Structure formats: structure tokens, C-alpha cells
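Engineer:
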Amino acid sequence: MSLATIAGQDVHVDDEGFMTEYDEWTEELGKQLATNIGIDMTDRHWDAIHFLRDDYKTENETATLRRVSSVGGIPTKELFQLFPKKPAKKMAYIAGLPKPVGCV
Amino acid sequence: MTALDTKPAVVPDFGDESEGRKICFICSKGNLDMAYPGLIMANGALGEGVEVHLFFTFWGMDMINKGTWDDLQFSMLGNTAMHMKGSTKHLPQGLGGLPGMTAFATGMLKKQIADLGVPEVPEFIQMLYDMGAHFWACKLSVDMMGLEKEDMFDGVEGIINVSEFIELSEDSQVVFI
């Protein structure tokens, strides 16, 4: 873990660049993280990110794609459109959360 | 905190530039416990941005046959690894032959899978389709079982023979289940 500067703020990140401190995240940081990986945030993107953040608070682990669709109510197909190719990891990165560990 | 050096943030490599990894899963079993490995691995591969094809053959056809896919069974018989959750004691094979035991074991397995938030087979297949998986049925199996395309999951792209599958899986990793 090390400190890195994102959107002008010093935050803790792991070796891959994922933020490691839940409380350091802000929407402004999320927006910058999204820009870093070529994603232009819309309201629908934020719905997914906020679900992930809220769900982490109660579950203490990052929601899988299945959970974002079945509990968060955002269809899987749409998640692939919003966060192409690797939606689960991209969402976790933007939300300042660890990569999901669940298989499904 | 002062002991840590501040560096510009590293951006993870999500492999957006890499193209071409492709995995074909051959699903040949119609038992409930053998339906899941292919579905779960396909789900993982799709989530990693891999192109995924599922080819259903022999009893694996039951996974995409709308008449059977919600009623796959799990039997203790022939499964010498069978033990209860949390126990390492294997159950006698003779138990599996008792009337109602397959239904009981199937119910138990379904519950354990559901408790993990994993969908049942029909919903799982629809989910993989929504994630972009390609579904293929084996011509020989379709003919042998007297099936029509209408009997199968609507997302099945085609009924193909082995040579077509071999063409399809060129430059692909192939997993046989």
C-alpha cells in the first residue's frame, strides 16, 4: 500500500492503483478514477457505483455482477455497456473498493 | 503516514487493448452438480472480457432444453465423494438408492447453491447470454434426442456438427466438462 495523488488528493492505493481506504473516497475522486480508464460518468454509472458503495458498507465485501443486478436492480447486460469488458473490476476501481472476491 | 511516499496514482490495466482471448466450454453432463462448473467458469471468463462459447452435447443438452433445464437432478449414486456440509464422513452408497433420496439430495444442493446467491440453471443461462456468451447445440445430440430448435433456450445461435465446432474453436482454449 502506498500514498498516491488522485484529483489533487493524497489517498491510499494498492499496487494496482485500487483505493484501499473506504472513507477516503469522494465522488470527485470517483469521477477522476473513471476518467483514468476512459469512462464518462452518467447518472446510470453513478447508480451502480452508489449501490456498490452502500452495499460494501453492510456486506463488507464488494458486490459481484450478479449481486449488482439481482439486488441493485441494474441488468447485467447494461453493466457491460456502462463498464465494458470487465465491469465488476472497473466498478470496484471507480467506487474505491477492493476487487470482488465472489465467483458469481 | 509520513513514512509513505506520495506517487502519481497507478492506473490498473483492465486489458482494454488486448483482444482475442476466447474460451469454448463443452458441456456434456446433465447432472445438476455437473451443470454448474461450466456455467460458473463461463461467468468468470465473461466478467474478464473473454469471448465465451458454450457447446452443449449429449446429456449437457438438458441444460438448454426448456423441458428439463429447471429440473436437473443430483444423485449420491456413483459419487463416492458424497458427504454432508461440514462433515468429512462419506455417506454409504446404498443410501443413494433409497426412494426419494435423489430428490432429497437435489433439494439440498439447490439450497446450498441458492444460499451463495448463485442462480438456478435457467436464470444462469439467461444471465450468461446477457453477458454476451454464445450458445451452440450439438447436431448429433439434437437428432438423437428428437429435439427441435423451439425446444431449446431461445439464445441458442445454432445447431452445429463437430467439424463446425472444431472450426469455431480454432485459436480458442477448450474446456470439456
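These protein sequences, in sequence, are chains D and P.
Each residue of the first sequence is one higher than the last, beginning at 4 in our numbering.
Each residue of the second sequence is one higher than the last, beginning at 14 in our numbering.
Here a beta-carbon is modelled for each residue, glycine too, at the ideal position from N, C-alpha and C.
In this text the structure is predicted, and so the values were computed from the model without any measurement.
In or out: Phe21 (chain D) buried (at least 16 other Cβ within 10 Å) or exposed?
Structural biologist: By the 10 Å Cβ count, Phe21 (chain D) comes out buried.
Engineer: Under a CB-based cut-off of 8 Å, is Glu183 (chain P) close to chain D?
Structural biologist: Judged by the 8 Å Cβ criterion, Glu183 (chain P) is not in contact with chain D.
Engineer: Is it the case that the Cβ atoms of Ala98 (chain D) and Arg56 (chain D) are separated by a distance below 8 Å?
Structural biologist: Going by C-beta atoms, Ala98 (chain D) is nearer than 8 Å to Arg56 (chain D).
Engineer: Report the option in P:Ser88, P:Ser31 and P:Gly159 whose CA atom is closest to the CA atom of Val63 (chain P).
Structural biologist: Of the candidates P:Ser88, P:Ser31 and P:Gly159, the one whose C-alpha sits nearest the C-alpha of Val63 (chain P) is P:Ser31.
Engineer: Using a Cβ cut-off of 9 Å, which residues of the region 50-78 of chain D contact any Cβ in chain P, in chain order?
Structural biologist: Result list: Thr67, Leu68, Arg69, Arg70, Ser72, Ser73, Val74 and Pro78.
Engineer: When burial is assigned at 16 or more other CB atoms within 10 Å of the CB, is Gly33 (chain D) buried or exposed?
Structural biologist: Answer is buried; the Cβ neighbour count reaches 16.
Engineer: For my contact list, Ile190 (chain P) and Pro50 (chain P) are in at a C-beta cut-off of 8 Å; report their separation, rounded to the angstrom.
Structural biologist: The pair is a contact, with the Cβ atoms about 5 Å apart (cut-off 8 Å).
Engineer: Check whether the region 34-42 of chain P and the region 118-136 of chain P touch, using three or more Cβ-Cβ pairs below 8 Å as the test.
Structural biologist: Not touching, per the Cβ criterion.
Engineer: For Pro78 (chain D), is the classification buried or exposed, using 16 other Cβ atoms within 10 angstroms of its Cβ as the cut-off for buried?
Structural biologist: So Pro78 (chain D) counts as exposed.
Engineer: Have a look at Lys92 (chain D) and Pro25 (chain P) and give me their C-alpha separation to the nearest angstrom.
Structural biologist: If I take the Cα positions, the gap works out to 10 Å.
Engineer: Between which two residues does the alpha helix (DSSP H) carrying Trp149 (chain P) extend?
Structural biologist: Run containing Trp149 (chain P): none in the alpha helix (DSSP H); it sits in the beta strand (DSSP E), His147 to Cys151.
Engineer: With 8 Å as the threshold, decide whether the Cβ of Asp29 (chain P) is near any Cβ in chain D.
Structural biologist: Output row for Asp29 (chain P): interface = yes.
Engineer: Can a CB atom of chain D be found closer than 8 Å to the CB of Gly57 (chain P)?
Structural biologist: Yes, Gly57 (chain P) lies at the interface with chain D (some Cβ there is under 8 Å from its Cβ).
Engineer: Name the chain D residues whose beta carbon is nearer than 7 Å to that of Met144 (chain P)?
Structural biologist: Per Cβ cutoff of 7 Å: Thr79 and Phe83.
Engineer: Counting only the same chain and skipping the five closest in sequence on each side, list residues whose C-beta sits under 8 Å from that of Leu6 (chain D).
Structural biologist: Taken in chain order, the residues that qualify are Asp13, Val14, His15 and Val16.
Engineer: Considering only C-alpha positions, which residue in the set P:Lys42, P:Gly60, P:Lys162 and P:Lys98 is nearest to Pro103 (chain D)?
Structural biologist: It is P:Gly60.
Engineer: How many whole angstroms separate the CB atoms of Ile53 (chain P) and Cys106 (chain D), which I take to be in contact at a CB cut-off of 8 Å?
Structural biologist: About 6 Å; that satisfies the 8 Å criterion.
Engineer: Could you tell me whether any Cβ in chain P is nearer than 8 Å to the Cβ of Glu19 (chain D)?
Structural biologist: Closer than 8 Å: yes.
Engineer: If the cut is a Cβ gap below 9 Å, which residues of chain D does Gly130 (chain P) touch?
Structural biologist: Thr67, Arg69, Arg70, Ser73, Val74, Gly105 and Val107, listed in chain order.
Engineer: Using 10 angstroms around the beta-carbon of Met144 (chain P), count the other beta-carbons present and answer buried if the total reaches 16, otherwise exposed.
Structural biologist: Buried, because 16 or more other Cβ atoms sit within 10 Å of the Cβ of Met144 (chain P).
Engineer: When burial is assigned at 16 or more other CB atoms within 10 Å of the CB, is Gly73 (chain P) buried or exposed?
Structural biologist: Gly73 (chain P) comes out buried.
Engineer: Cβ of Phe137 (chain P) within 8 Å of Cβ of Gly168 (chain P)?
Structural biologist: Going by C-beta atoms, Phe137 (chain P) is not nearer than 8 Å to Gly168 (chain P).
Engineer: For Tyr96 (chain D), which residues in chain A fall below 7 Å Cβ to Cβ?
Structural biologist: This model lacks chain A altogether, as its protein chains are D and P.
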